[in-house]
Every structure is written in structure tokens, then in C-alpha cells.
Amino acid sequence: MIRAARPSSSQFPPQEVARSLCITGRRKHPGGEIYFRAAACTGALYEVELYLVCGDLADLQAGVYHFASNDFGLRRLRDGDYRRVLIEATASEPAIAHAPLVIVCTCTYWRNAWKYQARTYRHFGWDTGTLLANLLAVAAALGLPARVVCGFVDAGVNRLLDIDTEHEVAFCLVALGKVSALAPPSAAIRTLGLETVPLSRSEVDYPLMREMHVASSLYSTDEVMTWRGHTPTADFPRPTGPVVQLQPLTEAEMPRDTIEQVVLRRGSSRKFAHAPISLGQLSTMLDRATRGVSTDFLDPLGSQLNELYLIVHAVDGLNSGAYVFHRDRGLLECLKPGDFRAQAGYLGLEQELPADAAVDVFFLADLRPILRHLGNRGYRAVQLEAGILGGKLYLAAYAQRLGATGLTFYDDDVTLFFSPHAKGKSAIFL
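Heads up: the sequence shown begins at 2 in my numbering, then just goes up one per residue.
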């Protein structure tokens with residue numbers, strides 16, 4: 002669906018990957034300029050920071066770098082190969098052990114919390130996920146192996162970056178590429194003591210954010226090894242209501258834009274027409290977004306923590322109503338027919354966008370088996386997966402020159418609307 006020229010096997014193109022994360026727009030206002038990045042983010046607040054840890058690459062020396070999206074530049078924090086630190090922190094996760102480059106995603110509390118307060122911790126997963134959707138799509142188009150890793154000793158990664166964990170924390174890692182040789186031993190980690198520019202003159206503390214992060218942290222490689230490989234087995238009931246089979250576009254009908262073109266075109270829509278989309282377009286978005294994500298918490302590939310529920314308003318070939326997506330069967334089951342534009346607007350925090358859209362896709366998950374199998378770290382995982390899937394829906398929509406946007410919602414009312422089918426599940430993403 003989206004493509005790019007592939008590099009030769011001897012090259013590693015960090016610049017190509019970084020383009021999926023850069024600034025794509027600016028808007029002036031009386032107080033200055035607002036910058037917009039390539040990936041969707043709650044409130045355009047961009048609390049996710051990226052660090053690169055690499056060995057010697059064709060055009061980049063071994064080191065630890067901070068990526069600055071505003072000027073598309075890298076700032077070297079440490080000189081030398083420190084990948085061994087990440088190998089040890091992940092208990093020798095194979096993808097990390099053989100990656101020439103690892104991206105560390107961190108999240109900054111106050112940058113998002115000044116507006117969203119403690120709910121910010123959920124946004125860490127959403128906003129990191131939409132960013133990773135771009136990155137993973139570019140990696141796939143370039144033929145680069147990529148794997149998202151959430152199992153690591155938090156303190157070890159934070160210490161490598163020398164970040165103040167009262168304000169910023171490591172959230173996940175992404176292994177990019179594959180080499181046969183393991184990284185050499187790393188030099189001793191010394192304190193960098195680098196000053197940072199304050200985000201504001203003062204900050205309001207929301208302790209619950211840090212409490213959630215601490216509760217989901219791992220403290221030893223034994224904990225990492227115990228955590229890994231415990232994806233809960235999905236027990237999704239067979240459909241009992243009317244069903245409609247997905248009809249994805251054929252390969253010949255697929256758009257031919259490159260991934261770079263799609264990423265640069267993407268933006269969060271602020272207005273929707275009441276015009277319909279086709280069943281083929283919707284089918285293609287659902288099919289391509291849910292083909293699996295390579296992570297250490299979804300095993301085997303294709304496993305999924307989130308389930309997709311839809312409110313259909315205007316899709317040619319599909320009656321209006323509430324649906325659940327049976328990914329394993331490639332079909333939509335109608336839970337209740339009817340015009341639910343008003344209800345969708347209410348569920349989306351009483352905004353016009355979900356009422357005006359052709360279709361709304363809600364992500365729900367049963368947290369009980371997730372927390373039972375993955376512990377508190379599972380809460381990070383389910384939010385991150387939802388963000389990645391949501392980001393893939395964004396890309397699939399914009400590849401077809403449609404619009405999309407992410408919204409917040411009334412959690413319990415979403416579950417109630419899709420019940421009894423969704424009884425006991427939690428709303429994760431819209």
C-alpha cells in the first residue's frame with residue numbers, strides 16, 4: 002500500500018527513518034509559532050522524546066544521541082558504543098542484541114500534564130504509539146527489521162540517558178536493523194549533568210502519573226525474563242448477530258504514494274463532511290492496521306490486546322449501526338443497527354467530530370487477563386498497542402486521501418454503549 006526505495010544491505014539509513022518523525026507544519030499565533038510533527042499527538046503537545054543508541058554506522062559514529070525534530074538534528078550525548086547497556090537491560094532480548102541502532106522513546110510528564118493532568122500517563126502510550134506507527138511503516142518500506150520492546154529494567158535505561166525521572170522517563174525501545182555481531186562491552190556510564198531548558202516557569206505536580214509509572218516498572222533482569230512471553234490468549238466469542246465480510250481493495254486498486262508522501266500529508270482532521278466512504282476503503286484500513294505488530298508483548302505475531310468496535314454513520318455497502326470487528330474472521334458483526342451520530346458525538350467528549358465522521362473506531366480491552374499475564378506493565382503495553390494501531394489507521398486513511406483524527410472520550414459510557422458485548426472491558430483509544 003505504501004512503498005519506498007530499499008537501501009542496500011550494507012547501508013543503514015537513520016535519516017530516512019527520522020523523516021517519519023520530523024516537523025511537518027507551523028502555525029503562527031500572537032504568542033509565537035506552534036510546530037506540528039509528523040505523528041499525531043494529544044493536544045499537539047509532543048511529550049515524546051527520542052534517543053538513538055548505535056554502533057558505528059555508515060554515516061553516524063557510535064554513540065548516544067538525542068533527536069531534535071525542530072531542526073532535524075542529532076545531539077551526541079555519549080561517544081562510543083553503549084548498546085551493551087540496552088542488551089543487559091532487556092535481558093538479552095534478541096532483537097536488541099543484534100540491532101545496529103536502538104531508539105529509546107521517553108516521555109515528559111509536564112509537557113502533556115499541564116493540560117490533561119494525570120490522564121497524561123495514558124497519553125504516553127497513545128502518543129508514543131502513533132509515532133511508532135510512522136517509524137514502523139518507514140522501516141517496513143525500507144525492508145529494515147524493527148521490533149518494539151517494552152520489557153527492560155527501567156533504571157538502567159534511564160541512567161544511560163541521564164534523565165531526571167521526576168520529569169522524564171523511558172517508555173519503550175525500538176530495535177532497528179539486524180547484524181550478526183554482538184555489541185562490545187560499554188564504557189562506564191558517567192553522569193552527564195546536562196542542563197535542560199525549563200518547559201514553564203512553574204509546574205503543577207500530579208503524583209498519580211509517577212505512581213502509575215513506578216508501579217509498572219521492572220527492577221531486575223529476572224523480572225524482565227519473567228514478564229516476557231506471557232501474551233494473554235484471546236477468547237473472542239463467535240458472532241451471533243448479522244455479519245458483513247470485509248472487502249479490502251485489491252493490489253491493483255491500492256494507492257501508490259510512498260510512505261514519505263503519506264506521512265507528510267497526514268494531519269489530524271478538524272472537520273468532516275457527512276459524505277460516505279466505501280466499504281472497500283474501510284475494509285482496507287481495518288485489514289492493514291491489524292496485521293500484527295512485532296513486539297515482545299505480543300507473541301505470536303498477530304496477537305492483539307485491543308479489540309475494535311465501530312460506530313458506522315456513512316459507509317456505502319454497510320448499514321449504519323454499532324459493530325465489532327472480528328479480526329480473525331475478517332468480518333464485522335452488527336451489535337445494533339441505527340443512526341448513532343448524536344450518541345457518537347456525546348461519547349467523544351461531546352464534540353462534533355465523532356458525530357460528523359463516516360465511522361468511529363473505538364479500541365476496548367479486557368484489562369483483567371492483560372494485568373494477570375503481564376502485570377502492571379501490561380497497562381503500558383495495551384495503551385501503546387492502541388496508539389500503534391491507531392497510528393496505522395491514520396496512515397491507511399491518509400494513504401487513501403481520507404481524513405482522520407484521534408479524540409478522548411467518556412470511558413465508562415463507551416463500554417456501556419457497546420454492551421452487553423463489551424461488558425467488563427475498558428475503553429482505551431478512539
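Cβ coordinates follow ideal geometry from the N, Cα and C atoms, glycine included.
On a predicted model such as this, the values are computed, not experimentally measured, just so you know.
Among the residues of its own chain, which have a CB less than 7 Å from the CB of M286, if the five just before and after it don't count? The count along the sequence shown starts at 1 and reaches residue 286 at position 285. Excluding sequence neighbours, M286 sits near L394, A397 and A398.
For a test of the three-state rule: what should DSSP assign to R27, helix, strand or coil? Numbered from its first residue, the sequence shown carries residue 27 at position 26. Any reading at R27 is ruled out, since the residue's pLDDT is 49, under 50, leaving its predicted position unreliable.
Do you know offhand how far R4's Cα is from A147's? Taking the first residue of the sequence shown as position 1, residue 4 is located at position 3. Taking the first residue of the sequence shown as position 1, residue 147 is located at position 146. Residue confidence is low: R4 scores 42 on pLDDT, short of 50, so the model does not pin down where it sits. Its coordinate-derived value is still stated next. Approximately 16 Å between the Cα atoms of the pair.
Measuring CB to CB, does L309 end up less than 7 Å from F298? As a position in the sequence shown, residue 309 is number 308, starting the count at 1. As a position in the sequence shown, residue 298 is number 297, starting the count at 1. No, Cβ-Cβ distance for L309 and F298 is not below 7 Å.
D412 versus A182 - alpha carbon distance: As a position in the sequence shown, residue 412 is number 411, starting the count at 1. As a position in the sequence shown, residue 182 is number 181, starting the count at 1. Going from the Cα of D412 to the Cα of A182 covers about 47 Å.
Between the C-alpha atoms of N135 and D414, what's the straight-line distance to the nearest angstrom? Reading the sequence shown from its first residue, position 134 is the one you call residue 135. Reading the sequence shown from its first residue, position 413 is the one you call residue 414. Straight-line Cα distance between these residues: approximately 31 Å.
With distances taken Cα to Cα, identify the nearest neighbour of F341 among G322, L302 and Q62. Position 340 of the sequence shown holds residue 341. Ranking the options by Cα distance to F341, first place goes to G322.
Measuring CA to CA, which of L302, I164, R120 and C335 is closest to H314? Taking the sequence shown and counting its residues from 1, one reaches residue 314 at position 313. Out of L302, I164, R120 and C335, C335 has the C-alpha closest to the C-alpha of H314.
Assign I164 to one of three DSSP states: helix, strand, or coil. What you label residue 164 is simply residue 163 of the sequence shown in a count that begins at 1. DSSP places I164 in coil when its eight states are reduced to three.
Under the rule that 16 or more other beta-carbon atoms within 10 Å means buried, what is H214, buried or exposed? Looking up residue 214 in the sequence shown gives position 213. With 16 or more other Cβ atoms within 10 Å, it is buried.
In chain order, what residues of the same chain lie with their CB nearer than 7 Å to the CB of A358, ignoring the 5 residues before and after it? Sequence index remark: in the sequence shown, residue 358 carries index 357 (1-based). Cβ neighbours of A358 beyond the five flanking positions: F273 and H314.
Local conformation of Y310 per DSSP, three classes: Stepping through the sequence shown from its first residue, residue 310 is reached at position 309. Three-state result, Y310: strand.
Per DSSP, what kind of secondary structure is I190 in: helix, strand or coil? Along the sequence shown, one-based indexing puts residue 190 at 189. DSSP places I190 in coil when its eight states are reduced to three.
CB-CB under 6 Å to V294, same chain, minus the five flanking residues each way: which ones, in chain order? As a position in the sequence shown, residue 294 is number 293, starting the count at 1. Cβ neighbours of V294 beyond the five flanking positions: I389.
Determine the DSSP secondary structure at E169, reduced to helix, strand or coil. As a first step, residue 169 is located in the sequence shown; it is residue number 168 there, counting from the start. Strand at E169.
When you compare the region 218-236 with the region 88-100, are there three or more beta-carbon pairs, one atom per stretch, that lie closer than 8 Å? yes
Please identify the residue among L368, L247 and T409 whose C-alpha is closest to the C-alpha of P355. Mapped onto the sequence shown, residue 355 falls at position 354. Taking only the C-alpha atoms, the option nearest P355 is T409.
Taking only runs of the alpha helix (DSSP H) that begin and end inside the region 251-311, which ones reach a length of at least 4 residues, in chain order? 260-266 and 280-290
What residue from V150, C42, F237 and Q305 has the CA that sits closest to A423's CA? In the sequence shown, the residue the question calls residue 423 occupies position 422. Nearest of V150, C42, F237 and Q305 to A423, Cα basis: F237.
What are the boundary residues of the alpha helix (DSSP H) that includes V415? If you number the sequence shown from 1, residue 415 lands on position 414. Its alpha helix (DSSP H) spans residues D412 to F418.
Classify G1 as buried or exposed, calling it buried when 16 or more other Cβ atoms lie within 10 Å of its own Cβ. Summary: the structure shown does not reach residue 1, with the chain confined to residues 2 through 431, and so no result is reported for it.
Return the chain-ordered list of same chain residues with a C-beta closer than 6 Å to the C-beta of G81, the five sequence neighbours on each side being excluded. Within the sequence shown, numbered from 1, the residue matching residue 81 stands at position 80. Excluding positions up to five away in sequence, the list reads A63 and A188.
According to the neighbour-count rule (16 or more other Cβ atoms, all chains shown, within 10 Å of its Cβ), is F73 buried or exposed? Reading the sequence shown from its first residue, position 72 is the one you call residue 73. Exposed is the call here.
Inspect the CB distances between the region 357-376 and the region 253-264 and report whether three or more fall short of 8 Å. no
Roughly how many angstroms separate the alpha carbons of Y347 and L372, rounded to a whole number? In the sequence shown, the residue the question calls residue 347 occupies position 346. In the sequence shown, the residue the question calls residue 372 occupies position 371. One C-alpha to the other measures close to 29 Å.
Cα-Cα separation, F68 to L145: For the purposes of this step, residue 68 is identified with residue 67 of the sequence shown, where counting begins at 1. For the purposes of this step, residue 145 is identified with residue 144 of the sequence shown, where counting begins at 1. Answer to the nearest angstrom: the Cα atoms are 20 Å apart.
How many angstroms separate the CA atom of Y110 from the CA atom of L51? Along the sequence shown, one-based indexing puts residue 110 at 109. Along the sequence shown, one-based indexing puts residue 51 at 50. Y110 and L51: Cα-Cα distance of roughly 15 Å.
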